[in-house]
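Numbering (the UniProt record's numbering), first residue to last: 1 to 535. Read the structure below first, then the notes.
Following this line, the structure appears as structure tokens:
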């Protein structure tokens, strides 16, 4: 990529009028930018409201500005930005789903309150319920274009199988570029604006929305005070809990992907059990676009391991029918087929590669750091004014370590699987398909992303009250697989190998901050990142 081709030679400023229930859709190249400012009315981006008279700068992304009552937006953009207003959108669909989920959350909150009062005053549950007058309430009326969402076919306030009343647990799935991430973010933000603390679980290792590199599965708590227009969930002050998968697609290693999903599900379950507010709010799960063959089986596994009760399928009739048939015996699960939003644009492989590069670059250098690096190399009259509008840049550090000061591992999948019919009666195979082995330091490690872990004996708590259950770790502790604990622990952070010097016996790492690593344990994956290469 040639920095001289940075598109900012002739910026244009205009004011666009957005009618009520319409969207202003904007597509920006990585070399360009768009600055928007709300002049009149109200509007939002993925559910987050824009402040009036404040400038927001974007680069290398596609997004929509929705207005419920109409607004005027001032736009300062380069030549390459695509900007248009669309009157047909899926805003009412997202709002109706949110209204239904809020009804479910209120239901769960009242049930928890009644359970607490019942524990203090046994035998008064029925009288309290009648006095409050909540039995028989119906879900909120639906707006035009609403999906059909039915109440679970269990008695109102009836406990789940484990005796706990829960909020909605939503799984969003569909093909690539069908609008899954946008819907998930919008639902999570709407819930946070309503005073809830929902959890956002991102199981897409390719383009994760939580401000982490490619190859990571995350879960985080979304709160109203931490919402960001420009950065989305990457700007949340609450750090996500991260599990390192190490590949851009579940197809690369389905067995490892399912293991990481299971570990994340255990952490989420523990947090919901310990935090009634989070349990009432529920969670929203974003998934990847692999919906063929084993991909469908993985979606079923995710729905089961997280005990979801609402599955939203975006514009995929075959997937909708397969999931409907799979969960038809379970009356607690509702599967809904939604139409794809007109604003969901297909992204090329090159665009996805550049977006992955952008995410990793921003992990180390901060928001819009990729655009800043291009801007610094460009001579232009408005260069200084643009640099002043960009967010503050982070300061990663280079760390040189001796080979003997680190322990590098990688995950291999065993191809040896014994059929249970070949084993003695009543016994199953003890072979673990996933093995963590020591990996030698080689020159091929340069530009490789590595996950860093806390010391095994560390009592470092997981972010946001997540509890890292040790049950799985203890089961896998054995002489045959002594490093399996790395798969059962969340990652402390991520580094990139910048050089390997065999003459000095040292390896140099790019780290997000200065100081020593939390531990010498580093886990290798299949993600590479070359700083300065934007193609």
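We treat Cβ as the ideally placed atom computed from N, Cα and C, and that holds for glycine. Quick caveat: nothing in here was measured; it's all calculated off a predicted structure.
Could you tell me the distance, in whole angstroms, from the CA atom of residue 269 to the CA atom of residue 306?
8 Å
Under 8 Å between the Cβ atoms of residue 206 and residue 249?
yes
At the level of alpha carbons, what is the spacing between residue 413 and residue 256?
So the alpha carbons of these two residues sit roughly 8 Å apart.
Go through the region 187-223 residue by residue and report every complete run of the beta strand (DSSP E) that reaches 3 residues or more, in order.
199-202 and 216-221
Per-residue DSSP class, three states only, for residue 358
helix
Nearest to residue 244 by CA position, among 521, 533, 531 and 530, is which residue?
521
Given this structure, state the Cα-to-Cα distance separating residue 216 from residue 84, to the nearest angstrom.
34 Å
Using three-state DSSP, classify residue 521 as helix, strand or coil.
Strand.
Looking only at its chain, what residues have a beta carbon closer than 7 Å to the beta carbon of residue 109, apart from the 5 residues adjacent to it on each side?
280
Flag this pair as touching only if the region 503-516 and the region 393-401 have three or more C-beta atom pairs under 8 Å; answer yes or no.
Short answer: they touch.
For residue 196, does the count of other Cβ atoms within 10 angstroms reach 16, so buried, or fall short, so exposed?
buried
Closest to residue 63 by C-alpha separation, out of 222, 230 and 106, would be which residue?
230
Cβ atoms of residue 60 and residue 371: under 8 Å apart, would you say?
yes
What is the rounded straight-line gap between the Cα of residue 19 and the Cα of residue 51?
Those two C-alpha atoms are separated by around 18 Å.
So, does the region 320-329 touch the region 185-193, judging by three or more C-beta pairs under 8 Å?
Remark: fewer than three beta-carbon pairs, one from each stretch, lie closer than 8 Å, so the region 320-329 and the region 185-193 are not flagged as touching.
What three-state label does DSSP hand residue 84 in the structure shown?
strand
Considering only the alpha carbon of each residue, which of 48, 384 and 14 lies closest to residue 232?
48
Using three-state DSSP, classify residue 153 as helix, strand or coil.
In this prediction, residue 153 has a pLDDT of 35, which is less than 50 and means its spatial position is unreliable; what the coordinates show is noted afterwards. Three-state DSSP puts residue 153 in coil, outside helix and strand.
Beta-carbon within less than 7 Å of residue 227's beta-carbon, same chain only, minus the 5 sequence neighbours each way: which residues are those?
48, 189 and 192
Are the beta-carbon atoms of residue 174 and residue 315 separated by less than 8 Å?
yes
On the DSSP letters alone, give me the boundaries of the alpha helix (DSSP H) that residue 388 sits inside.
383-389
Does residue 213 pass the burial test, meaning 16 or more other C-beta atoms within 10 Å, or should it be called exposed?
buried
Using three-state DSSP, classify residue 536 as helix, strand or coil.
No information on residue 536 is available, as it lies outside the stretch 1 to 535 that the chain covers here.
Beta carbon of residue 13 nearer than 8 Å to that of residue 86
No. Outside cutoff.
On the DSSP bridge list, what partners appear for residue 169?
283
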